[in-house]
Structures are given as C-alpha cells and as structure tokens.
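Using our numbering, the first residue of the sequence shown is number 1, and each one after it goes up by one.
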Amino acid sequence: MATFIKHFVTENGGRFAVVVDGDMFVLSHLAGPAPRPGHMALAIEAWPALREAANAAAATRLNPYATERIVGMSGAENYRLRECRNQTVGDFPVRATVHVSMYGKLNQGVRVWLGDLPALCWPLFLNHPVQEGQAIREVEVFQPAYTGWQTAPLRFEVDAGGLTVAGQPAPEPEGDQAVAWALLATLDKEDAE
C-alpha cells in the first residue's frame, strides 16, 4: 500500500509529520516543541482523504470496542482503545494508545490503525480541544535534490591530484579556505616526518 506524508509547522515553531502508511496513521514529532492534541485535530481537519480513509476503515471493525482515559499522578494521560475479542473469557486487549504528557503534548507520537483513529480521537479531542491561537500550516517535505540519499560512507583521500572526497575532486579553495588548506598541508608534512 502507498505511503502519504505531510509536514506541518505549529504556531510556536514545532514541526511534526502526519503519515498514512497503508492502513496505519502515524504522527511523529520532528523538531521544536512537540505538537498538542489540537494540532493533531487541525492536521486531520486539513486532510480530507485521511478522514475518508479513517471513516472507511472504522466501518470494517469486527468487534465492539471501548475507550478509556487513564490519568497518572503527574497529570499525564493515556487514552486506550480496548477491543472486546472474547467476552466469555475476558479477552479485552488494548489495540491502540495515545499518550498526552503532563504538559499536554503528544511527545511520544501516535501510531494507530486508521480505523481506531476516530474512536481514540473522540475522548482525546473532548478533553483537549483546539485552543484559541492554535494553528498549523503545511510545509514541504524535504527531498534531497542535489545528490540524493547516500548510503556509502564518504572519505577524504589525498593523491597527486590533491584532495578528493569519495573519488570526486574537491573544489578549488578560495580566500580563507586557502589559508585553512595551507595549514592542513603543513600538518600532513609534520605527520610524515
């Protein structure tokens, strides 16, 4: 199945990714302050195809479910979705969890089946609605355009032609770089002696 990625920046400079990977929803904190549940709500609101996929997946659920909110001594919360797999033997496994820190942030990210997303978000968004001033904007996902992703380690080599990096000639030094290269050359001579 396909993977779709969107990056968002929050009003306070945080950056997070929302990914639909097959039938999984992933929210991952990338940089800056961690996102809050309201930011997740805004991201879901801004992505109609995600909402449609989550609604379609939720309609395929086979077993009854229940959500619970557990508040720790610090004030951190865990929202859990339990599935009623077999009531006769008390088989009610936890299918998905969303953790909200004591500061109200999604600092552990979220990874759940798309069909569990609406059921988990209902109590989460009731307790953590979008606050006044909370905003996100979509930003471009970084793609390496210059050389692409490299897997082999690069190394410096010096031969008769000068310095090379992974077999490519280094650019000619200019200005202050020429001084740095001259100092490096003297170090090499000292090491050789």
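Heads up, the beta-carbon is just placed ideally off N, CA and C, and yes, glycines get one too.
Distance, residue j Cα to residue i Cα
| i | j | result |
| --- | --- | --- |
| G38 | E138 | 15 angstroms |
| A135 | N86 | 42 angstroms |
| M24 | A160 | 54 angstroms |
| G109 | Q131 | 20 angstroms |
| L114 | K6 | 16 angstroms |
| T3 | D21 | 4 angstroms |
| S101 | P144 | 33 angstroms |
| S28 | V18 | 7 angstroms |
| F8 | G162 | 44 angstroms |
| L120 | C84 | 15 angstroms |
| F156 | V98 | 46 angstroms |
| T164 | V141 | 31 angstroms |
| A56 | L62 | 13 angstroms |
| R111 | P35 | 14 angstroms |
| M40 | K105 | 10 angstroms |
| A170 | G75 | Below a pLDDT of 50, predicted positions are generally treated as unreliable, and A170, at 48, falls in that range; no measurement from the model is reported. |
| T67 | A49 | 25 angstroms |
Rounded Cβ spacing between residue i and residue j (contact assumed at less than 8 angstroms)
| i | j | result |
| --- | --- | --- |
| G32 | R15 | 6 angstroms |
| A58 | P118 | 5 angstroms |
| R236 | N127 | The chain is shown only over 1 to 193; residue 236 falls outside these bounds and no answer can be derived. |
| L124 | Y65 | Contact doesn't hold; Cβ gap of about 15 angstroms is too wide. |
| G133 | E11 | 6 angstroms |
Where residue i sits in the DSSP three-state scheme
| i | result |
| --- | --- |
| D23 | coil |
| V130 | coil |
| L119 | The amino acid occupying residue 119 in the given sequence is Ala; Leu does not appear at that position. In this structure, A119 counts as helix in the three-state DSSP scheme. |
| G162 | strand |
| N63 | coil |
| A46 | coil |
| E140 | coil |
| A54 | helix |
| L114 | helix |
| T88 | helix |
| L124 | helix |
| A31 | strand |
| A135 | coil |
| A195 | Missing from the structure shown is residue 195; the chain here goes from 1 to 193 and no further. |
| K6 | strand |
| R15 | strand |
| A170 | For A170, the predicted structure reports a pLDDT of 48, less than 50, and the residue's modelled location is therefore unreliable. The matter cannot be settled from this model. |
Contact test: residue i Cβ vs the ligand SAH heavy atom, cutoff 8 angstroms
| i | result |
| --- | --- |
| V139 | Absence of the ligand SAH from the depicted structure is noted, as is the absence of any ligand whatsoever, leaving it without description. |
C-beta neighbour in chain C for residue i, strict 9 angstroms
| i | result |
| --- | --- |
| R95 | Reference to chain C is not applicable here, since this structure consists of a single protein chain. |
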